[in-house]
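S.K.: Which chain is which? The protein sequence lines are E and S, in order.
Numbers 985 to 1202, taken from my numbering, label the letters of the first sequence in order.
Numbers 3 to 337, taken from my numbering, label the letters of the second sequence in order.
Positions of the beta carbon are idealized from the N, C-alpha and C atoms, including for glycine.
Sending over a structure as structure tokens; questions will come in a sec.
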Amino acid sequence: MIRFENIGLRYGLGPEVLRDVDFHLVPGSFHFLTGPSGAGKTSLLRMLFMSLRPSRGLIHLFGQNCSDLSSPARADLRRRIGIVFQDFRLLDHLTTWENVALPLRVFGKSEASYRDDVTDLLKWVGLGARMTAYPEVLSGGEKQRAAIARAVIGKPELLLADEPTGNVDPAMANRLLRLFIELNRLGTSVIIATHDFQLMDQCDAPRLVLHEGHLEIR
Amino acid sequence: MKVTWKFDDLPGRLAGRIRTSPWVAVVRGLAGGQTGPGSTPIVQPASVAGRALTVVIAIMTFLACLTSGAVYVVNQSANDWFADIASEITVQVSEGQGSEFEKKVTLVSLFLAKQPGIQKVNPLSAEESGQLLEPWLGGSDVLSELPVPRLIAVVIDRSSPPDLDAVREALESNFKGVTLDDHRRWQAELRTVTRSLVLGGIAVLMLVGAATVASIVSATKSAMASNREIIEVLHFVGARERFIAHEFEKHFLNIGVRAGLVGALGATIVFLLLPVTMRLLSGRGLAAAELRQFIGSAVLDWPGYLLFGLVVIVVATLCMLTSRFGVYRILKSYD
């Protein structure tokens, strides 16, 4: 499903921040991506999401070589991936319901075809009572759940989450982890970038550890 | 590589293109219909940058419409002067007194009326000739004592004009003290003046046009910068470049059309009120007559107002294209 071959990444003329990264993830897997701050977790996620090109090496996603894809083909591939940002990236002028429905609207589906799905998902993540609220009145945990709901509404095959518990208390972090595990059980591959060891200790999942530009799987 | 063209589906594809065109969405919106699927537009309809852009567009469209309207009016007036002057010649009868003089004027008029290519001969009476001098000499009785020459206004057929040199020669050989003025010198001077006016107007129009383009492009770019987050989110949820560009085109075209219409409406009101204002400010004296002579009645006809519509379309298209290039530039930074 995901194959990184001899990946290296440098910004401009600076030193390589990622060196010789090689790994292969199978469908339905659950991984944590960890390492100290500045180790390159977000850069790796961005490469997985095709918003950053590696300086060298090859990335294969869903059996396709990402380096020679056209712009529409990359957009099509992105539709198979859900991403949860650390800073949520909800659109302030849209309600929670509209934010969650955004990917389906972008895919060109009619509102009638996804109205019930969005409502059910929001109830499932505990935001049933906040569907018409705008992001500015949501709490950090609510925003995070709305961002997760938006990432999974399109039934992605791969879910990437960048520090999804960075802005919430331990109880909420635990609840969000259960949500990711539940999604994984439903068939979605999950990669969670975090440096929260307490969170990782709650789940027996392999860890992709970045250290001094190299990656190892523990 | 072999290129194959699919003409079978051409009407369908064309209809699809028209249906999804940002212009259709904007026209639907103006008519009170829904502009697209979903309850809230993806691009934030009201923002501080958007409002600033609206004001800039409205003002610049107003100025562009005023300038283009003014150039159009001057050009129309210049054309009218030419048409008037080119279709008229003047014959001056200057020697003679009493009934002999009146007889001479009548004979000259009859002679002129017989010439081919002359449509109408209008000999001015002594009073009418005197009135022409009133602005310079006043309305005193002294005019009746002066040997004021008599004028005969002659309207010529512009489609088959007479041989003016032959007419002049015939007049001079048949009548003493009769001269023909074909306004050639006056026409040449007028042509120079009006051409200068129109060229000057076009130069001002180009300057206003350049200022309009620069300020609208700049304001649209600023408004686009404030929408960067929306572009980013759409990109990350899997929107294609064309979809994102289309959403922004729709939004900025809408702003361009609405603000442009406000500016054009302002300019229309100015041009509708201009003739009345000119009458009120200049009164009915000589100054008013000279002003009217110079710029005509300052009434804009319908092709002139159509020009305003063209200005709105150009301004709105400019907004739309700037937003499209802005979207592609931002998206390029992600790939």
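Helix, strand or coil for N148 (chain S), going by three-state DSSP, please let me know.
M.R.: As a position in the second sequence, residue 148 (chain S) is number 146, starting the count at 1. It is worth fixing the name first, because residue 148 (chain S) is Leu in this sequence and not Asn. The answer is coil: DSSP assigns L148 (chain S) none of H, G, I, E or B.
S.K.: Alpha carbon to alpha carbon, how far is G262 (chain S) from P305 (chain S)?
M.R.: Locating residue 262 (chain S) in the second sequence gives position 260, where the first residue counts as 1. Locating residue 305 (chain S) in the second sequence gives position 303, where the first residue counts as 1. Each residue's Cα considered, the two are about 18 Å apart.
S.K.: Which residue or residues does DSSP assign as beta-bridge partners of I233 (chain S)?
M.R.: Taking the first residue of the second sequence as 1, we reach residue 233 (chain S) at position 231. Looking at the DSSP assignment, I233 (chain S) forms no beta bridge with any residue, so it has no partner.
S.K.: Would you say H1077 (chain E) faces chain S, with C-beta separation under 8 Å as the test?
M.R.: For the purposes of this step, residue 1077 (chain E) is identified with residue 93 of the first sequence, where counting begins at 1. So yes, H1077 (chain E) belongs to the interface.
S.K.: Among S:R244, S:M280, S:D184, whose alpha-carbon lies nearest the alpha-carbon of T22 (chain S)?
M.R.: Position 20 of the second sequence, counted from the first residue, corresponds to residue 22 (chain S). That would be S:R244, whose Cα lies nearest to the Cα of T22 (chain S).
S.K.: Report, in whole angstroms, the separation of the C-beta atoms of V259 (chain S) and V210 (chain S), which I expect to be a contact under 8 Å.
M.R.: On the second sequence, residue 259 (chain S) is found 257 positions in, with the first residue counted as 1. On the second sequence, residue 210 (chain S) is found 208 positions in, with the first residue counted as 1. Wrong, their Cβ atoms sit about 20 Å apart, outside the cutoff.
S.K.: Taking C-beta pairs closer than 9 Å, name the residues in chain S that I1067 (chain E) reaches, listed in chain order.
M.R.: The residue given as residue 1067 (chain E) occupies position 83 in the first sequence. Simply F238, V239.
S.K.: How would you list, in chain order, the residues of chain E whose beta-carbon sits under 8 Å from the beta-carbon of I257 (chain S)?
M.R.: Counted from its first residue, the second sequence places residue 257 (chain S) at position 255. Within chain E, no residue comes near I257 (chain S); the closest Cβ sits about 15 Å away, beyond 8 Å.
S.K.: Nearest chain S C-beta to V1090 (chain E) closer than 8 Å, yes or no?
M.R.: Counting from 1 along the first sequence, the entry for residue 1090 (chain E) is found at position 106. Interface residue, yes.
S.K.: Who are the neighbours of F245 (chain S) on chain E, taking C-beta pairs under 7 Å?
M.R.: To locate residue 245 (chain S), count along the second sequence from 1; it is residue 243. Going along chain E in sequence order, the residues near F245 (chain S) (Cβ under 7 Å) are V1090.
S.K.: Which residues share a DSSP beta bridge with P1 (chain S)?
M.R.: Residue coverage of chain S in this structure runs from 3 to 337, which leaves residue 1 (chain S) outside it and unanswerable.
S.K.: Are the stretch 271 to 286 of chain S and the stretch 322 to 333 of chain S touching by the rule of at least three beta carbon pairs closer than 8 Å?
M.R.: Because the criterion of three Cβ pairs below 8 Å is not met, the stretch 271 to 286 of chain S and the stretch 322 to 333 of chain S do not touch.
S.K.: Among the residues of its own chain, which have a CB less than 7 Å from the CB of L308 (chain S), if the five just before and after it don't count?
M.R.: Your numbering for residue 308 (chain S) matches position 306 in the second sequence. Counting only Cβ-Cβ distances below 7 Å, and skipping sequence neighbours, we find nothing.
S.K.: Taking the CB atoms as reference points, tell me whether R1063 (chain E) and G1124 (chain E) lie closer together than 8 Å.
M.R.: On the first sequence, residue 1063 (chain E) is found 79 positions in, with the first residue counted as 1. On the first sequence, residue 1124 (chain E) is found 140 positions in, with the first residue counted as 1. Cβ atoms of R1063 (chain E) and G1124 (chain E): not closer than 8 Å.
S.K.: Is L1122 (chain E) helix, strand or coil by DSSP?
M.R.: Locating residue 1122 (chain E) in the first sequence gives position 138, counting from the first residue. Three-state DSSP puts L1122 (chain E) in coil, outside helix and strand.
S.K.: Whole alpha helix (DSSP H) runs in the stretch 1087 to 1160 of chain E with 4 or more residues, listed along the chain?
M.R.: Segments of the alpha helix (DSSP H) lying fully in the stretch 1087 to 1160 of chain E: 1095 to 1108, 1124 to 1136.
S.K.: Within 8 Å (strictly less), CB to CB, does P1087 (chain E) reach chain S?
M.R.: Residue numbering aside, residue 1087 (chain E) sits at position 103 when the first sequence is read from its first letter. Yes, P1087 (chain E) counts as interfacial toward chain S.
S.K.: If you check the beta carbons only, do G1041 (chain E) and F988 (chain E) fall under 8 Å apart?
M.R.: The count along the first sequence starts at 1 and reaches residue 1041 (chain E) at position 57. The count along the first sequence starts at 1 and reaches residue 988 (chain E) at position 4. Yes, Cβ-Cβ distance for G1041 (chain E) and F988 (chain E) is below 8 Å.
S.K.: Does E1166 (chain E) have its Cβ less than 8 Å from a Cβ in chain S?
M.R.: Translated into positions along the first sequence, residue 1166 (chain E) becomes position 182. By this cut-off, E1166 (chain E) is not an interface position.
S.K.: Whose CA, out of S:S131, S:G71, S:Q121, lies closest to the CA of L153 (chain S)?
M.R.: Counting from one through the second sequence, the residue named residue 153 (chain S) turns up at place 151. The residue with the shortest Cα to Cα distance from L153 (chain S) is S:S131.
S.K.: Which of helix, strand or coil does DSSP assign to A1023 (chain E)?
M.R.: As a working note, residue 1023 (chain E) is residue 39 in the first sequence. In this structure, A1023 (chain E) counts as coil in the three-state DSSP scheme.
S.K.: E174 (chain S): which of S:D303, S:V95, S:A227 sits nearest, CA to CA?
M.R.: As a first step, residue 174 (chain S) is located in the second sequence; it is residue number 172 there, counting from the start. Cα-wise, what sits closest to E174 (chain S) is S:V95.
S.K.: The alpha helix (DSSP H) spanning A1057 (chain E) covers which residue range?
M.R.: Walking along the first sequence from the start, residue 1057 (chain E) turns up at place 73. That run of the alpha helix (DSSP H) goes 1055 to 1062.
S.K.: So, is G240 (chain S) buried or exposed, given that buried needs 16 or more other C-beta atoms within 10 angstroms?
M.R.: Numbered from its first residue, the second sequence carries residue 240 (chain S) at position 238. Looking at its Cβ environment, which holds 16 or more other Cβ atoms inside 10 Å, G240 (chain S) is buried.
S.K.: If distances are taken between C-alpha atoms only, which option among S:S220, S:Y336, S:L302 comes closest to L320 (chain S)?
M.R.: In the second sequence, counting from the first residue as 1, residue 320 (chain S) sits at position 318. If we check each option's Cα against that of L320 (chain S), S:S220 comes out closest.
S.K.: Against Y307 (chain S), what residues of chain E qualify as contacts under a CB-to-CB distance less than 7 Å, listed in chain order?
M.R.: On the second sequence, residue 307 (chain S) is found 305 positions in, with the first residue counted as 1. None at all; the shortest Cβ gap to chain E is about 37 Å.
S.K.: Roughly how many whole angstroms lie between the Cα atoms of A1057 (chain E) and T42 (chain S)?
M.R.: For the purposes of this step, residue 1057 (chain E) is identified with residue 73 of the first sequence, where counting begins at 1. For the purposes of this step, residue 42 (chain S) is identified with residue 40 of the second sequence, where counting begins at 1. Spanning the two alpha carbons is a distance of roughly 28 Å.
S.K.: Using CA atoms only, rank isn't needed, just tell me which of E:F1016, E:N1158, E:A1130, E:L1017 is closest to V1109 (chain E).
M.R.: As a working mapping, residue 1109 (chain E) is identified with position 125 in the first sequence. Among E:F1016, E:N1158, E:A1130, E:L1017, the Cα nearest to that of V1109 (chain E) belongs to E:A1130.
S.K.: Which of helix, strand or coil does DSSP assign to F84 (chain S)?
M.R.: As a working mapping, residue 84 (chain S) is identified with position 82 in the second sequence. Helix at F84 (chain S).
S.K.: Between the stretch 1003 to 1018 of chain E and the stretch 1167 to 1185 of chain E, do three or more beta carbon pairs fall short of 8 Å?
M.R.: Because the criterion of three Cβ pairs below 8 Å is met, the stretch 1003 to 1018 of chain E and the stretch 1167 to 1185 of chain E touch.
S.K.: Using a Cβ-Cβ cutoff of less than 8 Å, which residues in the same chain neighbour R326 (chain S) once the five nearest sequence positions on both sides are dropped?
M.R.: Along the second sequence, read from residue 1 onward, the residue named residue 326 (chain S) stands at position 324. Excluding residues within five positions, the ones whose Cβ falls inside 8 Å are A247, F250, E251.
S.K.: Taking the alpha-carbon positions, what's the L1105 (chain E) to Y1118 (chain E) distance?
M.R.: Along the first sequence, one-based indexing puts residue 1105 (chain E) at 121. Along the first sequence, one-based indexing puts residue 1118 (chain E) at 134. Cα to Cα, L1105 (chain E) sits roughly 17 Å from Y1118 (chain E).
S.K.: Expressed to the nearest angstrom, what Euclidean distance is found between the alpha-carbon atoms of V1090 (chain E) and L236 (chain S)?
M.R.: Position 106 of the first sequence, counted from the first residue, corresponds to residue 1090 (chain E). Position 234 of the second sequence, counted from the first residue, corresponds to residue 236 (chain S). Taking the straight line joining both Cα atoms gives about 8 Å.
S.K.: Under 8 Å by Cβ, that's how I've got I158 (chain S) and S89 (chain S) pegged, so tell me the actual separation to the nearest angstrom.
M.R.: The residue labelled residue 158 (chain S) in the question sits at position 156 within the second sequence. The residue labelled residue 89 (chain S) in the question sits at position 87 within the second sequence. So it is a contact: roughly 6 Å between Cβ atoms.
S.K.: For V235 (chain S) and chain E, any beta-carbon pair shorter than 8 Å?
M.R.: Position 233 of the second sequence holds residue 235 (chain S). So, interface residue.
S.K.: By the three-class DSSP mapping on this structure, what secondary structure does T1178 (chain E) have?
M.R.: For the purposes of this step, residue 1178 (chain E) is identified with residue 194 of the first sequence, where counting begins at 1. Looking at T1178 (chain E) - three-state DSSP - the assignment turns out to be coil, as it is neither helix nor strand.
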